[in-house]
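Trainee: Residue numbering for the sequence shown is 0 to 224, as defined by numbering that gives the first Met the number 0.
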Amino acid sequence: MSQQQWTAVDDYITGALHGPDEALDAALAASAAAGLPAIAVSPTQGKLLNLLARMMKARRILEFGTLGGYSTIWLARALPPDGRLITLEYQQRYAEVARANIARAGLADLVDVRVGRALDTLPQLADDIEGELFDLVFIDADKPHNADYFAESVRLTRLGGVIIVDNVVRDGQVLDAHSEDPNVQGVRRLNDVIAADSSVSATVIQTVGAKGYDGFAIAVVGESA
Ligand code: SAH
Ligand code: DHB
Ligand code: MG
């Protein structure tokens, strides 16, 4: 099995099941043209996020790490007309590209892109939501802060709500307790926090595809293992 095959199968699935998508294609093209790194979720991963949000009938979604708004668009499309998605992005320039992509997708009224370090913008956000907790959180920003983002997300998520974390397998490097990669250590600390929190029940699903070998952590809040 090879990366080439995983990518070919992802392309086949996208062609067979997804159909053309102008807004998403345009978002990727504009992101590339603006020099953003090509690290958005793949189309099949984006569709998975969209389906999970729809299965939950999510009305309030929080995202850490907007980049050009590709995963944001997939998630926001799952919302009802009075739904809301808040997405946190450190880079002002990325946020501007994302806002344009989100507007082109017709989702500007549902999405609030907030610029700054997520740990700095979270306190204001916690105030602004006035107790209306999130149904779904997608954590996909800087990996060394994963454990902090997860702990904050638990506080901001309703009972029965779901927290998803991207990039938690990392080619299997997550196995290496002595890894010097801060991203790997970030994932391992995340797993420690999840394991120690009796208010969440979680697993990790390993994935292969156009983005290589990685995985998602999925946690339900308010239900102990
Ligand atoms: N979710 C996006 C990809 C996000 S890539 C998608 O799938 O389409 C990770 C993003 O996190 C980058 O845009 C990066 O600038 C942002 N980021 C890094 N550190 C951050 C921080 N401290 N707070 C908020 N965002 C951060
Ligand atoms: C990187 C970040 C991601 O969120 C991802 O899915 C893949 C790569 C990165 O920072 O390299
Ligand atoms: Mg990611």
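Built from N, CA and C at the ideal position, the CB exists for glycine as well. Here the structure is a predicted model, which means the values were calculated and not measured.
Exposed or buried, what is His-144 when buried is set at 16 or more other beta-carbons lying within 10 Å of its beta-carbon?
Mentor: Result: buried.
Trainee: List in chain order: all unbroken beta strand (DSSP E) runs of 3+ residues lying wholly within the region 59–138.
Mentor: Those beta strand (DSSP E) runs which fall completely within the region 59–138 and span 3+ residues are 59–63, 83–88, 110–114 and 133–138.
Trainee: Taking Val-22 as the reference, give the member of Ile-138, Arg-169, Ser-70 and Ile-128 with the closest Cα.
Mentor: Residue identity differs from the one stated: residue 22 is Ala in this sequence, not Val. Here the closest residue by C-alpha is Ser-70.
Trainee: Expressed to the nearest angstrom, what Euclidean distance is found between the alpha-carbon atoms of Ala-37 and Arg-98?
Mentor: Each residue's alpha carbon lies about 17 Å from the other.
Trainee: Identify whether Leu-158 lies in helix, strand or coil by the three-state DSSP scheme.
Mentor: Leu-158 falls in the strand class under three-state DSSP.
Trainee: For the region 9–63, list the alpha helix (DSSP H) runs that are entirely contained and at least 4 residues long, ordered along the chain.
Mentor: Correct list: 21–32 and 42–54.
Trainee: Is there at least one non-hydrogen atom of the ligand DHB closer than 6 Å to the beta-carbon of Asn-101?
Mentor: Going by the sequence as given, residue 101 is Ile instead of Asn. Incorrect: Ile-101 has no Cβ contact closer than 6 Å to the ligand DHB.
Trainee: For Gln-44, which option in Ala-176, Val-207 and Asp-170 has the closest C-alpha, if you only look at C-alpha atoms?
Mentor: Closest option to Gln-44, Cα to Cα, is Val-207.
Trainee: Do you know how far the Cα of Gln-4 is from the Cα of Leu-135?
Mentor: Leu-135 and Gln-4: Cα-Cα distance of roughly 32 Å.
Trainee: Rank Val-192, Ala-218 and Ile-72 by C-alpha distance to the C-alpha of Leu-106 and give the top, closest one.
Mentor: Closest by alpha carbon: Ile-72.
Trainee: Just the Cα atoms here: how many angstroms apart are Ala-32 and Arg-76?
Mentor: One C-alpha to the other measures close to 24 Å.
Trainee: Do three or more CB pairs link the region 124–142 to the region 193–205 at distances below 8 Å?
Mentor: Result no; under three Cβ-Cβ pairs closer than 8 Å.
Trainee: Hey, Arg-187 and Ala-176 are a contact pair by Cβ (cut 8 Å); roughly how many whole angstroms apart?
Mentor: Confirmed, Cβ separation roughly 7 Å.
Trainee: Do Gly-67 and Leu-87 have their C-beta atoms closer together than 7 Å?
Mentor: Cβ atoms of Gly-67 and Leu-87: not closer than 7 Å.
Trainee: Could you spell out where the alpha helix (DSSP H) holding Gln-184 opens and where it closes?
Mentor: Counting along the chain, the alpha helix (DSSP H) containing Gln-184 begins and ends at 181–195.
Trainee: Provide the residue span of the beta strand (DSSP E) that contains Asp-213, from first to last.
Mentor: Where Asp-213 is concerned, the enclosing beta strand (DSSP E) stretches over 211–220.
Trainee: Residues around the ligand MG, please: the condition is that the C-beta lies closer than 5 Å to some non-hydrogen atom of it.
Mentor: In chain order, the hits are Asp-139, Asp-165 and Asn-166.
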